[in-house]
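First residue of the sequence shown: 25, per this note's numbering; consecutive thereafter.
No residue lacks a Cβ here, since even glycine has one placed at the ideal position from N, Cα and C.
Report on the structure given below.
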Amino acid sequence: MTALGVTAPGVGEIREVGAAAFAWLSAHRDDFALGEDALTLDGHVDATWKPLGELAQTCASVRAHTQPTDPLHACAADLLRFAWQQTGRGELFLRLQRLEPFATYPLEIYSVFASAGLRHAGYEAAAATTARTRSWRLTEQDPTRRLGVLKAERRSGIHRPERAEQALRRTWLGGLPEPWTFERSSGYALTHVVFHLTDWGRTPAGVPADLAAYLAHWLPPWLDTCLDAGMWDLGCELLVVAASLPVSPDPATLRHAWARIARAQHDSGALPEQDPRDGPGADREPDFLRCYHSTLMAAFAAAQTLKCLAGEGSADSDAAYTGQGVPG
């Protein structure tokens, strides 16, 4: 029993959370579509390219972490194809390059598709030319973002001498800070550091030994704190991190966390970013921009947790990969 008085879910229930999240994402795919303002200088990147890029990253990751026979794999592959088509099969990145040659977000988003084998030679050539300039190299970015840009360059075939290790040790996580200084902003920073180091969960060995040991000790209480506060979006990101470390946490820690996530998920599959508690509209599904990212993270975290639990030799491990218990 968990502290909430409910039985911690097995892989079947975790899978149901992921399947429901994918059902919501599929039903709302048109909300991820790029509008006419996606190529205007005054367009809102956070409402156009950012949601599409995050959809692509989640789907590319889930596709990589599941077997082709898994229904979650099929859902992820379908939505990834949709996202790629929205970019004109990469052509819109070349147009963005001409409009904003020194913006990094087009390369960061494009690199997600490149990591999944979806490439546009013309854009890669243009981006490589820009990356050779001093202006690109000297763009001021916080260390976590810099780490992500370097990863995006490598994914896209751009190789420069700058070392990621230097950026890593300037991040909050890379400095091994006092654990009691953990807060929301540092939480999101550390999750993205781990995402970049592990290529979004593909290579756990990418986390240096000192960081892995630090996270193994402190991640469980941080996760518990976030879930106690109803921070479902950050909680799911921390679950991805937990399932991406070289040494996985106690499976009970993962299962107990999923009991809370399952309770917070709406029947539609949407997961709110933050628990609204008992205020007005607490039972209403939040609008798209207030739940799409947390729902993406629920889908990603479910797939990564299932992979982790299967690797632990759980009695349920066969179900984790064969798709048993997934709604049709």
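- Nearest to Leu58 by C-alpha distance, out of Asp223, Val69, Leu65, is Val69.
- Using a Cβ distance threshold of 9 angstroms, Val264 and Thr215 count as a contacting pair.
- For Thr319, the closest alpha carbon among the candidates His290, Ala84, Trp224 is that of His290.
- The beta-carbon distance between Leu197 and Val217, rounded to whole angstroms, is 5 angstroms. This is short enough to meet the 8 angstroms contact definition.
- Contact between Gly225 and Ser268 is confirmed by a C-beta separation of about 4 angstroms, below the 8 angstroms threshold.
- Boundaries of the alpha helix (DSSP H) around Met321: 316-335.
- From the listed residues Gly293, Pro95, Leu116, Glu207, the smallest Cα separation to Thr72 is found for Leu116.
- For a cut-off of 8 angstroms, the C-beta gap from Leu258 to Cys250 is around 5 angstroms, short enough to register as a contact.
- Between Thr128 and Val173 the beta-carbon gap is near 5 angstroms, inside 8 angstroms, which marks them as a contact.
- Here the alpha carbons of Leu142 and Gly114 stand approximately 8 angstroms from one another.
- Of the residues assessed, Pro92 falls on the exposed side of the cut-off, its CB having fewer than 16 other CB atoms within 10 angstroms.
- Closest in alpha carbon position to Ala281, among Trp204, Gln298, Arg308, Thr329, is Thr329.
- Between the alpha carbons of Arg178 and Ala98 lies a gap of roughly 27 angstroms.
- Runs of the beta strand (DSSP E) spanning 3 or more residues and lying entirely within the region 135-202 do not occur at all.
- DSSP places Val218 in the helix class (H, G or I) of the three-state scheme.
- DSSP places Ser85 inside the alpha helix (DSSP H), whose first and last residues are 73-89.
- Of all C-beta pairs linking the region 100-115 to the region 81-90, three or more are shorter than 8 angstroms, placing the two stretches in contact.
- Of all alpha-carbon atoms in Ala322, Arg314, Glu132, the one lying nearest the alpha-carbon of Gly293 is that of Ala322.
- The residue among Ala326, Thr205, Pro167 with its C-alpha nearest the C-alpha of Arg187 is Pro167.
- Relative to the Cα of Pro232, the nearest Cα in the group Asp311, Trp204, Pro270, Leu262 belongs to Pro270.
- Residue state for Thr128 is assigned as coil, using DSSP reduced to three classes.
- Sorting Pro245, Ala80, Arg158, Ser209 by C-alpha distance to the C-alpha of Pro185 places Arg158 at the top.
- Contact annotation: Gly254 and Gln298 have beta-carbon atoms nearer than 9 angstroms.
- A residue is called buried once 16 or more other Cβ atoms fall within 10 Å of its Cβ, and Thr111 is buried on that count.
- The C-beta distance from Leu162 to Thr195 rounds to 19 angstroms, too long to fall under 8 angstroms, and the pair is not in contact.
- Of Val136, Glu202, His241, the smallest CA-CA separation from Ala107 is found for Val136.
- In this structure, DSSP gives Gln109 a helical state, which the three-state scheme calls helix.
- When Asp94, Thr277, Gly67 are compared, the shortest CA-CA separation from Leu123 is found for Gly67.
- Where Gln121 is concerned, the enclosing alpha helix (DSSP H) starts and stops at 115-123.
- The beta carbon of Glu148 is closer than 7 angstroms to those of Ser180, Gly181 in its chain, skipping five residues each way along the sequence.
- In this structure, Leu96 and Ala327 form a Cβ contact; the two beta carbons are roughly 6 angstroms apart against a cut-off of 8 angstroms.
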